[in-house]
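Data first, discussion second: the structure below is written as structure tokens.
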Amino acid sequence: MTPPRKSHRKSIVAPILLRSVLRAKALGLLACFISIVISSGCERKDKQAEVVLYSSIDEGYSRELAKLFESRSGVRVLLVSDTEAAKSTGLVNRLIAEKARPRADVFWSGDIGRAAAIVQLGLSDYYRSPQAVGLPLEYSDAHGKFTGFAARARLILYNTRLAGAPGTLPAEVADLAKSEFAARTCLANPLFGTTSMHAAVLFERWGEARAERFFRDFAAHGGKLVASNGEVRRRVAAGEFAFGLTDSDDVSVALRDRQPTGFIIPDQSGEGVLLIPSAAVLIKGAPHPREAQVLLDFLVSAEVENWMAASEAAHLPLRPDLTPPPFLGKRTAELRVMPVDYAKLGARMQSLMDGFLTQWVDEQRR
Amino acid sequence: MNNGANRTVPPQVAATGVNSHFALLRALRISPKSVITSGVVLLILFPSAMAVMASIANGGADTAWTGLRLSSFTGALGRSFLESGTVALLSLLLAWPCGVLAGLQSPQLPRVWVALLPLPLALPPFVWAIGLSYLRPLLPYARQGWLDGFSGAVLALTTQVLPITLLLTYAAVRQLSASAVDAALLHGGRSLVLRMALRHTLPTAVAAALFGGLLVFGDSGCDQIMGYHGFSSEILIAFSARLDLPLAAVKATTAVLLLLPIGILAAALLARHLSISDLARPATRRVTRVILMPPSIWWLLVVALPSMFVLPPFYGLLRPLLGGTNASQYIGKAFAILGESGAISLRYGATAAVIALLLGAILARPVAGQRHGSAWLLVFAVIALTLPSPLHSLGVVSLGTSAPPAWDWLLRSEWTVGWTFGLRFAPLAAVALFASWARLPRSAHEAALLHAVPWLRYTFNVVAPTIAPMLWSVLIVTALLALSDVGSTMLLQPPGGASYPSHLFAVMDNSSEALVASLTLVYLLAVGTALLAARAVPALWRLVARAVFRDDIATSPTPQ
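Line order of the protein sequences matches chains A and B.
Everything in the first sequence is counted per my numbering, starting at 7 for the first residue and increasing by one.
Everything in the second sequence is counted per my numbering, starting at 176 for the first residue and increasing by one.
Shown next, in the form of structure tokens:
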């Protein structure tokens with residue numbers, strides 16, 4: 007009677023033990039996975055002060071500056087980054103959607119035109135930073151709704167293998183629509199980013215007739231539209247085009263990557279080069295107003311302008327006494343700069359979007 | 176005298192509690208399932224509807240209608256339709272036979288290949304477009320147009336739709352039962368097996384290609400890079416250039432209305448084929464391996480041909496890194512970013528996938544095997560997927576803004592990205608799942624009912640193993656699609672909660688090409704490793720099922 011019981015016990019106990027181990031292992035693994043996912047989703051509950059920065063400046067730079075600010079102030083920066091490239095819905099739409107209960111404290115726009123749009127939409131609050139001393143007033147809102155600082159310049163990038171001898175290069179933006187250059191030139195889509203602002207400036211400065219003629223001639227002579235300023239840089243560096251109108255930071259990237267490129271600061275004997283300052287805006291109803299002001303003070307300081315000039319961001323300091331980006335070799339004060347009323351550009355850009363530019367881009371894309 | 180109310184609402188309705196609600200539904204001849212399904216449908220459409228309603232409430236709709244230049248818009252819509260149609264057709268023609276061949280005759284190595292198949296979905300289409308654009312200078316000047324405009328956009332978008340179609344076709348083949356394959360082999364040889372498998376998978380392949388085409392219909396980045404002005408560019412202009420949400424909403428609604436007849440037609444044609452069960456018995460055993468052709472030709476057709484769409488742009492993306500001197504520095508930077516954002520990315524993708532799967536299953540289960548229900552589901556999926564992703568996301572942002580702070584844990588937290596994408600991709604999951612579910616033999620269900628098998632055990636032991644390949648494919652595809660939609664992630668992510676693709680997106684325009692290449696390479700390596708590691712999950716599933724249910728089976732009383 008006993009032996010069969012023994013064998014029966016063996017056959018039952020072993021599988022039960024095995025099942026228990028298997029069950030424990032399987033459920034343990036499952037529990038581990040779920041706890042990892044959940045714990046990474048838990049809100050941080052520590053008491054450290056924080057500030058929310060929405061930034062359309064390239065993340066590589068804004069993140070480094072945010073870390074620098076954190077180390078100085080002890081305030082943690084929660085960053086939301088965008089790119090000015092015309093591939094996203096954009097942070098401005100998020101700001102508009104969050105208007106009733108904002109999450110952002112500060113918006114750092116890479117393009118002063120967007121800052122002006124934010125002001126028009128009633129999303130910005132008054133703040134004139136004491137650290138803005140030395141910044142020229144024409145780059146900031148007269149009512150203290152945004153502060154312009156570190157700028158990019160609109161430059162002509164050329165491919166050194168294709169462009170030709172130095173005396174034959176275009177000297178002005180207007181030259182790019184001429185038949186000898188246009189067929190070898192690309193331009194970023196003027197509905198987006200800094201090119202949209204440049205287009206608005208051309209309409210303001212030249213008047214509608216001349217500006218429209220520039221765009222029509224550019225297209226008629228074989229000029230091509232590409233997606234963004236980054237794309238202009240890529241295509242000119244790759245040799246698809248000899249010339250392209252783009253931003254100084256793109257030019258800096260091309261030179262740093264040792265691509266066969268050079269640049270021209272346009273209109274130095276004429277109306278001057280267009281500067282596009284970045285701008286900091288205090289958001290109306292910001293959840294952390296005190297920290298936002300501290301961050302804004304930091305952003306518009308001479309230290310950040312210096313940092314932006316010396317780093318890969320290669321922005322031009324607007325303070326006349328600061329050192330320019332190494333690739334440019336000229337201080338802002340030494341450049342002939344196009345005078346622009348940036349506050350007026352918002353309305354002009356809107357009318358162009360509703361009219362000529364959309365139609366013109368449509369014609370090019372068909 | 177009985178009045179109408181008494182006739183339709185019986186006395187038991189007067190009872191309180193949950194039962195009374197069910198009784199009311201029964202009395203009104205509405206099944207609780209229908210209520211739940213309708214609720215899920217409304218939930219999925221709610222964010223986009225919220226965005227549209229918000230723009231109407233702001234009085235923007237009137238001006239938006241005047242801002243909509245219909246001739247230009249319909250032209251753009253036509254171009255997008257042509258583009259998406261070409262992408263879908265190209266993907267179908269390549270992926271359908273390749274998927275069948277991969278599923279029927281799979282040697283050891285392609286298991287790795289199958290695991291890595293969804294890898295191209297990890298990157299947003301515009302990154303592939305950039306990779307292709309880097310290759311232009313390598314072509315003679317007269318041929319550079321091949322990688323630009325319409326042809327360039329089609330090639331770049333095919334890198335996204337081809338893997339979806341291939342993976343779902345492969346999953347559909349793996350659902351064939353060994354007995355069906357054996358029977359076909361005995362009756363008509365290998366050619367009959369091939370024909371049977373092709374016929375069996377065609378509806379799934381067509382649906383996958385069609386819905387893949389719809390997914391890329393609203394993708395603006397790729398069109399922008401390639402200079403192709405389609406519907407997505409129109410939406411982008413409204414959103415990004417004009418900051419005009421009402422105009423974007425009007426354009427999206429017009430697109431849905433114009434596409435609806437085509438969607439209904441496609442749904443009617445597909446529903447019949449997707450809702451039939453052609454298996455005699457459960458396909459719990461793996462499909463027999465059938466040698467259809469010499470391995471060299473098999474490799475050429477199944478591995479080399481689809482890879483041709485992915486490897487060239489991948490090479491284009493890596494070129495700046497290959498010739499650079501600071502490669503190790505850039506790769507180190509990319510790994511640092513991966514360390515910061517890896518867990519966040521995993522959470523976003525996993526949450527989106529699980530929610531899409533759950534909601535997809537809720538939508539798919541009641542209509543599986545029903546022709547009319549399937550057709551409605553397909554029409555709904557067409558509508559939901561045609562609506563642009565940013566509209567859906569902005570609807571959630573508006574909802575989070577207008578809701579009281581007590582709801583922030585749901586509407587403005589680190590979970591918001593995941594569930595928003597879960598809602599977005601639930602229709603895609605539903606279509607894939609109902610096609611798979613419909614192929615589950617009715618006999619299995621009836622047998623379970625007859626023997627009073629608990630539904631949970633039936634689901635774990637019968638349904639899940641049968642549709643496991645499709646479940647797994649849906650999880651992977653939705654997770655990767657959620658991660659690669661960086662434009663919408665940027666709208667939804669909490670401050671400080673950027674995913675890895677968002678980092679890539681935020682640096683790609685103004686940074687060194689070598690950094691972009693490093694970020695891309697590291698990301699693909701990480702996702703590839705995760706996909707290979709994820710192959711262990713089905714084994715874990717089996718382990719769980721065995722551990723949880725075998726005890727019940729072993730200890731359950733023997734039927735008398």
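Every residue, glycine too, gets a C-beta built ideally from N, C-alpha and C.
None of the values given here were measured: they were computed from a predicted structure.
Beta strand (DSSP E) segment containing residue i, residue limits
| i | result |
| --- | --- |
| A/Trp114 | 112–115 |
| A/Lys230 | 230–232 |
| A/Ala194 | 191–194 |
| A/Thr267 | 267–270 |
Boundaries of the alpha helix (DSSP H) in which residue i is found, first to last residue
| i | result |
| --- | --- |
| B/Phe484 | 480–497 |
| B/Ala619 | 617–625 |
| B/Ala518 | 502–542 |
| A/Tyr348 | 348–360 |
| A/Asp223 | 214–226 |
Rounded C-alpha distance that separates residue i from residue j
| i | j | result |
| --- | --- | --- |
| B/Ala442 | B/Ala550 | 5 Å |
| B/Leu755 | A/Ile63 | Outside the shown range of chain B, which is 176 to 735, sits residue 755 of chain B, and nothing can be said about it. |
| A/Gly140 | A/Ala156 | 12 Å |
| B/Leu762 | B/Thr429 | Residue 762 of chain B falls outside the range modelled here, since chain B spans only 176 to 735, and no answer is possible. |
| A/Leu280 | A/Arg160 | 6 Å |
| B/Val425 | B/Leu566 | 11 Å |
| A/Ala169 | A/Ala285 | 34 Å |
| B/Ser308 | B/Ala416 | 24 Å |
| B/Cys397 | B/Asp684 | 14 Å |
| B/Ala224 | A/Ser185 | 50 Å |
| B/Gly671 | A/Pro176 | 44 Å |
| B/Gln735 | B/Leu342 | Reliability fails at B/Gln735, whose pLDDT of 33 lies under 50, so the model's placement of it is uncertain and the value that follows must be treated cautiously. Near 46 Å, if we compare the C-alpha coordinates of B/Leu342 and B/Gln735. |
| A/Lys16 | B/Asn636 | Note that A/Lys16 has pLDDT 46, beneath the 50 cutoff, so the model's placement of it is unreliable and the number below is only indicative. A/Lys16 and B/Asn636: Cα-Cα distance of roughly 28 Å. |
| B/Ser213 | B/Pro541 | 11 Å |
| A/Asn235 | A/Ser202 | 11 Å |
| B/Ile506 | B/Val485 | 22 Å |
| A/Phe209 | A/Glu218 | 8 Å |
| B/Val367 | B/Ile205 | Residue identity differs from the one stated: residue 367 of chain B is Leu in this sequence, not Val. Their backbone Cα atoms lie some 45 Å apart in a straight line. |
| A/Tyr5 | A/Ala148 | Outside the shown range of chain A, which is 7 to 372, sits residue 5 of chain A, and nothing can be said about it. |
| B/Glu258 | A/Asp88 | 28 Å |
| B/Asp660 | B/Gln668 | 12 Å |
| B/Ser731 | B/Thr695 | In this prediction, B/Ser731 has a pLDDT of 41, which is less than 50 and means its spatial position is unreliable; nothing more can be read from the coordinates. |
| B/Leu267 | B/Cys273 | 10 Å |
| A/Ala225 | A/Ala244 | 22 Å |
| B/Thr459 | B/Leu218 | Annotation note: pLDDT 48 at B/Thr459 (below 50); position unreliable, no value reported. |
Cross-strand partners of residue i (DSSP beta bridge)
| i | result |
| --- | --- |
| A/Ala286 | A/Trp114, A/Thr153 |
| A/Glu56 | A/Arg82 |
| A/Leu281 | A/Ala159 |
| A/Thr252 | A/Leu161 |
| A/Val343 | A/Val279 |
| B/Ser564 | Per DSSP, none; premise fails for B/Ser564. |
8 Å contact criterion, which residue i and residue j should meet: CB distance rounded
| i | j | result |
| --- | --- | --- |
| A/Val112 | A/Leu324 | The Cβ separation is near 19 Å, so there is no contact. |
| B/Phe552 | B/Leu538 | In the sequence as displayed, the identity of residue 552 of chain B is Leu instead of Phe. Their Cβ separation, rounded to whole angstroms, is 6 Å, which keeps B/Leu552 and B/Leu538 in contact under 8 Å. |
| A/Gly199 | A/Asp117 | 7 Å |
| B/Ala382 | B/Ala559 | Going by Cβ atoms, the distance from B/Ala382 to B/Ala559 rounds to 14 Å, so no, they are not a contact pair. |
| A/Ala122 | A/Gly352 | 4 Å |
| A/Val58 | A/Arg109 | 6 Å |
Cross-chain neighbours of residue i in chain B, by beta carbon under 8 Å
| i | result |
| --- | --- |
| A/Gly236 | Met683, Asp684, Asn685 |
| A/Arg325 | Near A/Arg325 there are no residues of chain B at all, since even the closest Cβ is about 23 Å away, more than 8 Å. |
Residue i: contacting residues in chain B (beta-carbon distance under 9 Å)
| i | result |
| --- | --- |
| A/Leu84 | Pro669, Pro670, Gly671, Gly672 |
Chain-ordered neighbours of residue i on chain A, where CB pairs are closer than 9 Å
| i | result |
| --- | --- |
| B/Glu258 | By Cβ distance, chain A contributes nothing, its closest Cβ being about 13 Å from B/Glu258, past 9 Å. |
| B/Arg311 | Arg241, Ala244, Glu246 |
Within chain B, partners of residue i - CB distance below 7 Å
| i | result |
| --- | --- |
| A/Ala106 | Thr576, Ser577 |
| A/Thr364 | Ile412 |
| A/Met359 | Ala416, Arg417 |
| A/Arg216 | Those within 7 Å of A/Arg216 in chain B number zero; the least Cβ separation is about 23 Å. |
Amino acids of chain A, ordered along the chain, whose beta-carbon sits closer than 7 Å to that of residue i
| i | result |
| --- | --- |
| B/His678 | Glu65 |
| B/Val572 | Arg100, Ala103, Glu104 |
| B/Glu688 | Asp263 |
The ligand PLP heavy atom lying under 7 Å from the CB of residue i
| i | result |
| --- | --- |
| B/Val348 | No copy of the ligand PLP occurs in the structure displayed, which carries no ligand at all. |
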